[in-house]
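Enquirer: After the structure tokens below, expect a handful of questions from me.
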Amino acid sequence: MRPLTPLNRNFLRASALLTGLATGFGIVGRAPLAVIAAGLACLLALTTLRNLNRNGDR
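All the letters of the sequence shown, read from the start, carry residue numbers 436 to 493 under my numbering.
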């Protein structure tokens, strides 16, 4: 398997960071911010998967 491109690697890092933020917002009771952060994390992860599938890396 080939290594991830810098763009896909950064997308996955940002997705992990947003997942952590969503968890933190959820713990402290900031539901709207948690939903937004979780949605952005999902979009970044799906974009990464689309890029991997398009390039044949997965």
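Positions of the beta carbon are idealized from the N, C-alpha and C atoms, including for glycine.
#1: Quick check: the Cα distance between GLY455 and ARG444, rounded to an integer number of angstroms?
#2: With a threshold of 16 other CB atoms inside 10 Å of the CB of LEU442, please say whether the residue is buried or exposed.
#3: Measuring CB atoms only, is the stretch 480 to 491 touching the stretch 460 to 472, in the sense that at least three cross pairs come out at less than 8 Å?
#4: Just the Cα atoms here: how many angstroms apart are ALA457 and THR440?
#5: Tell me where the alpha helix (DSSP H) around ASN440 begins and ends.
Expert: From the atom records:
#1: The C-alpha of ARG444 is placed about 17 Å away from the C-alpha of GLY455.
#2: Around the beta carbon of LEU442, a 10 Å sphere encloses fewer than 16 other beta carbons of the protein chains shown; the residue is thus reported as exposed.
#3: The answer is no - the stretch 460 to 472 does not touch the stretch 480 to 491, with fewer than three Cβ pairs under 8 Å.
#4: Distance between ALA457 and THR440, taken at the CA atoms: about 26 Å.
#5: The amino acid occupying residue 440 in the given sequence is Thr; Asn does not appear at that position. Counting along the chain, THR440 falls outside any alpha helix (DSSP H), and DSSP gives it neither H nor E.
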